[in-house]
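In the numbering used here, the protein residues as written are 273 to 532.
In this text, a Cβ means the ideal position worked out from N, Cα and C, and glycines have one as well.
This structure is a prediction, so every number in the text was calculated from the model and none was measured.
This is the structure:
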């Protein structure tokens, strides 16, 4: 089983309900493998209460796969600094009003003026220009904010940037750019290979456009009722909303009760 976090497994308060915790625990006890597929960085996931200890964590839209039990990173796919500099140059030319952020793991840099919802964690560092902090091993994720909703300017970014990069969004606040192959589908396929299973054996849950590749890859795809319209259009099933424990109720009915 693979599931997104925000807007999918987590409720609107960003937490796991008692029912969801119990269901994940029962799933783990019954021998089902759990994989968390999220745009969040690792630092925001390892501290989340209620996830099974043996869950694998695919963070940053597939840029990092982490074994929660052993504490070991199993896979990384970062963008070299030269690629990030090229993208930034294109973005500043086509949209001078752009605000940028960079996920360096463990640091998150956001440019001055970058807007976040009140519920979001503040950045680790701020900078007037992201270029001043680039370097080192590369960037896990480039974060792009333009005026308006991210799902509205996503198509523009996809059409103006080189196709070798992954461009998507996990919220209405910003879009995210990662290295080629750094997406939830590729990460889920890698996880499945390590666990000896195929797409046919995987159930995947999501709510936003960055979940679409994962849902298309999985043998069974499920969108929560509050999902973006693009996700509702491709999912095999629609469960109840994240605030109504849609993931847990689907798992309870289809897997746990069925295997009992």
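For residue 471, the CB contacts under 8 Å within the same chain, skipping 5 residues up- and downstream, are 461, 464, 489, 490 and 491 in chain order.
For residue 316, the enclosing alpha helix (DSSP H) stretches over residues 314-317. Annotated as proximal: residue 502 and residue 484, with beta-carbon spacing under 8 Å. Here the alpha carbons of residue 306 and residue 469 stand approximately 13 Å from one another. Here DSSP, grouped into helix, strand and coil, assigns residue 427 to helix. Separation of the CB atoms of residue 383 and residue 402 is rounded to 6 Å, and the pair is thereby assigned contact status at 8 Å. Rounded to whole angstroms, the separation of the alpha carbons of residue 323 and residue 291 is 12 Å. Beyond the five residues adjoining it in sequence on each side, residue 500 comes within less than 8 Å, by CB distance, of 423, 479, 480 and 481 in the same chain, given in chain order.
By the neighbour-count criterion, in which a residue is buried when 16 or more other Cβ atoms sit within 10 angstroms of its Cβ, residue 390 is exposed.
C-alpha of residue 328 to C-alpha of residue 452: approximately 22 Å in a straight line. Per DSSP, reduced to three states, the secondary structure at residue 511 is strand. Separation of the CB atoms of residue 509 and residue 519 is rounded to 11 Å, and the pair is thereby denied contact status at 8 Å. For residue 280 against residue 477, the beta-carbon gap comes to about 5 Å, under 8 Å, which counts as contact.
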